[in-house]
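*Asks:* Handing you a structure now.
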Amino acid sequence: MPLKNQLAKPRILVVRNDKIGDFMLAWPALALLRRSMPDAHISVLVPAYTRDLARCCPWIDEVLLDPADLRCMNRENFDLLLTLFSTPRIAWNAWKGRIPLRVAPATKWAQVFYNHRVRQRRSQSRKPEYEYNLELAAYAIKLLGGTVASNPAAYWPLAPDTRLEQRRQLAQRLDLPLDRPWVFVHAGSGGSAVNLSVGQYASLIKRLQQIWPGQNSPAWILTAGPGEQPMMQALLEQVCDAETLVRPYLSTEGLATFAQSLCCADVFVAGSTGPLHVAGALNVPTVGFFPAKRSATALRWRPCNGPGRTLAISASQEAAEQENPMAAIDMEAAAQEIRNWQLGLASLS
182 MPLKNQLAKP RILVVRNDKI GDFMLAWPAL ALLRRSMPDA HISVLVPAYT RDLARCCPWI
242 DEVLLDPADL RCMNRENFDL LLTLFSTPRI AWNAWKGRIP LRVAPATKWA QVFYNHRVRQ
302 RRSQSRKPEY EYNLELAAYA IKLLGGTVAS NPAAYWPLAP DTRLEQRRQL AQRLDLPLDR
362 PWVFVHAGSG GSAVNLSVGQ YASLIKRLQQ IWPGQNSPAW ILTAGPGEQP MMQALLEQVC
422 DAETLVRPYL STEGLATFAQ SLCCADVFVA GSTGPLHVAG ALNVPTVGFF PAKRSATALR
482 WRPCNGPGRT LAISASQEAA EQENPMAAID MEAAAQEIRN WQLGLASLS
């Protein structure tokens with residue numbers, strides 16, 4: 182049952198303890214919790230590899246690590262647990278800790294450990310993942326006796342001059358011109374999603390270079406995280422020529438620094454993976470490549486940037502049953518679609 186009166190300073194624990202992209206799609210829900218209940222103490226439980234991103238989030242008061250801090254999941258520390266993605270281990274620990282209000286999607290058998298369940302049918306992919314998270318956050322706010330605020334624009338609120346400073350630093354580090362657009366291409370996926378091949382990314386860059394001519398042709402920044410350097414290097418070897426300004430950019434200074442530097446991009450291109458969603462949270466224009474699988478559609482995993490600032494290119498339904506459905510994407514057609522979309526963006530700026 183909802184509380185009869187709003188708690189003055191409710192203690193909320195939000196759990197999203199999986200991949201980077203999943204965590205970034207929780208930011209709108211965290212922003213809604215903060216805007217609706219400004220005096221709440223909001224904690225998150227995350228794995229070590231998303232800890233630095235969580236510490237950057239302006240709507241979080243405390244970052245707990247999974248599994249080290251599971252002992253903190255109890256009624257002495259929290260009034261409400263909001264699990265955005267439920268697993269039996271988290272559900273059991275929340276129940277064992279007797280947190281009074283335990284909210285989760287009504288999926289899988291572990292839902293029996295929650296006393297508040299929201300039926301969403303996420304596998305049908307009828308709306309973006311971040312909207313499902315907003316739904317859960319709104320339910321939790323009402324349980325605590327609060328009033329749900331109008332949905333805030335939940336972009337990473339960097340200071341206005343941060344992008345200019347980031348561009349200046351990256352231009353110096355990578356020897357990049359400041360007067361040309363920068364297109365970031367992230368060919369890796371960390372194993373989290375089906376992706377284009379190196380050859381497809383190379384074909385895309387070469388074709389875009391042909392149809393994006395003149396003094397305004399882009400500088401290409403090939404990004405890579407830990408373990409993705411071989412793919413980045415292979416792509417670099419295929420596209421590096423006298424006509425193409427291309428630079429490798431390997432993340433070596435930690436996830437938070439790398440993530441913030443993505444605000445420099447004029448366009449960010451990737452598969453459905455963590456860096457795409459970081460760029461989306463920064464409200465950078467994004468191009469995402471998606472399979473046709475029902476649980477991994479472009480609608481379900483849309484980045485949370487603003488209207489018109491993301492372009493989704495998907496494998497066809499006919500290719501969905503193939504061993505590699507992404508191989509069926511026509512890269513020449515994709516390049517033309519990206520160029521037309523980019524011209525539309527430029528006309529609005």
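Numbering (my numbering), first residue to last: 182 to 530. Backbone N, C-alpha and C fix where the C-beta goes; we use that ideal spot for every residue, glycine too. Source: prediction; values computed, not measured.
Starting from Val427, follow its DSSP beta bridges and name the residues at the other end.
*Replies:* Residue 427 sits at position 246 when you count from the first residue of the sequence shown. Answer by DSSP bridge pairing, in chain order: Trp401.
*Asks:* What do you reckon, are the CB atoms on Tyr336 and Ala446 nearer than 8 Å?
*Replies:* Here the question's residue 336 lines up with position 155 in the sequence shown. Here the question's residue 446 lines up with position 265 in the sequence shown. Contact flag unset, no.
*Asks:* What's the C-alpha gap between Arg475 and Ser304?
*Replies:* Walking along the sequence shown from the start, residue 475 turns up at place 294. Walking along the sequence shown from the start, residue 304 turns up at place 123. If you take the alpha carbons of Arg475 and Ser304, they lie about 7 Å apart.
*Asks:* If you count every other CB in all the chains shown that lies within 10 Å of the CB of Arg283, and 16 or more means buried, which is it?
*Replies:* If you number the sequence shown from 1, residue 283 lands on position 102. The residue in question, Arg283, is buried, as its Cβ has 16 or more Cβ neighbours within 10 Å.
*Asks:* Does the segment 408-420 come close enough to the segment 352-364 to have 3 or more Cβ pairs within less than 8 Å?
*Replies:* Touching, no, given that fewer than three Cβ pairs across the two stretches are closer than 8 Å.
*Asks:* Using 10 angstroms around the beta-carbon of Glu310, count the other beta-carbons present and answer buried if the total reaches 16, otherwise exposed.
*Replies:* Translated into positions along the sequence shown, residue 310 becomes position 129. With 16 or more Cβ atoms within 10 Å of its Cβ, Glu310 is classed as buried.
*Asks:* In the DSSP assignment, find the alpha helix (DSSP H) that holds Gly455 and state where it starts and stops.
*Replies:* Residue 455 sits at position 274 when you count from the first residue of the sequence shown. Per DSSP, Gly455 belongs to the alpha helix (DSSP H) from 455-462.
*Asks:* Name the two residues that bound the continuous beta strand (DSSP E) containing Ala493.
*Replies:* Residue mapping note: residue 493 aligns to position 312 of the sequence shown, counting from 1. Residues 491-495.
*Asks:* Select from Ala515, Gly525, Ala493, Arg483 the residue whose C-alpha is nearest the C-alpha of Ser306.
*Replies:* Mapped onto the sequence shown, residue 306 falls at position 125. When each option's Cα is compared against that of Ser306, the closest is Arg483.
*Asks:* Check whether the Cβ atoms of Val225 and Val195 lie closer than 8 Å to each other.
*Replies:* On the sequence shown, residue 225 is found 44 positions in, with the first residue counted as 1. On the sequence shown, residue 195 is found 14 positions in, with the first residue counted as 1. In this structure, Val195 lies closer than 8 Å to Val225 by Cβ.
*Asks:* Cβ of Val375 within 8 Å of Cβ of Pro506?
*Replies:* Counting from 1 along the sequence shown, the entry for residue 375 is found at position 194. Counting from 1 along the sequence shown, the entry for residue 506 is found at position 325. Cβ atoms of Val375 and Pro506: closer than 8 Å.
*Asks:* For Lys200, is the classification buried or exposed, using 16 other Cβ atoms within 10 angstroms of its Cβ as the cut-off for buried?
*Replies:* As a first step, residue 200 is located in the sequence shown; it is residue number 19 there, counting from the start. Buried, because 16 or more other Cβ atoms sit within 10 Å of the Cβ of Lys200.
*Asks:* For Ile223, which residues does DSSP report across the bridge?
*Replies:* Here residue 223 refers to the residue found at position 42 when the sequence shown is read from its first residue. In the DSSP output, where bridge partners are listed per residue, Ile223 has Ile193.
*Asks:* So for Trp240, helix, strand or coil by DSSP?
*Replies:* For the purposes of this step, residue 240 is identified with residue 59 of the sequence shown, where counting begins at 1. Of the three classes helix, strand and coil, the one that applies to Trp240 here is coil, per DSSP.
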